[in-house]
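Engineer:
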Amino acid sequence: MTALLVGIGLIVLAVLMVIPGILGWWSDVLAFLRGALPVIAFLIGALAVFIGIADIKDKIEEKKEEEKEKAEEKNKSENSEN
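The sequence shown finishes on residue 228 if you use my numbering, and the numbering steps up by one all the way, no holes.
#1: Return helix, strand or coil for Pro166, following the three-state DSSP convention.
#2: Have a look at Gly153 and Gly181 and give me their C-alpha separation to the nearest angstrom.
#3: Give the single residue among Ala194, Ile168, Thr148 and Val164 whose Cα lies nearest to the Cα of Ala177.
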């Protein structure tokens, strides 16, 4: 609960700091966002690529497991017939 209250307090403080007229940091915030936006976009894109690769690997592994299960079932059915 304390962490939630601290988080809400910090969010309110951050909003108050960037409101034009109180501290006058709005232009600095915009300059930071303009500089950070390409870096953030790159990091999000890299994360999306890594997640996509992991998803493809998971699908391949799932197919291998399904094929293995089918082969085991086939072997069981052949053994039970004999």
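Beta carbons: idealized from backbone N, C-alpha and C, even for Gly. No experiment lies behind these values; they were computed from the predicted model shown.
Structural biologist: For this structure:
#1: coil
#2: 25 Å
#3: Val164
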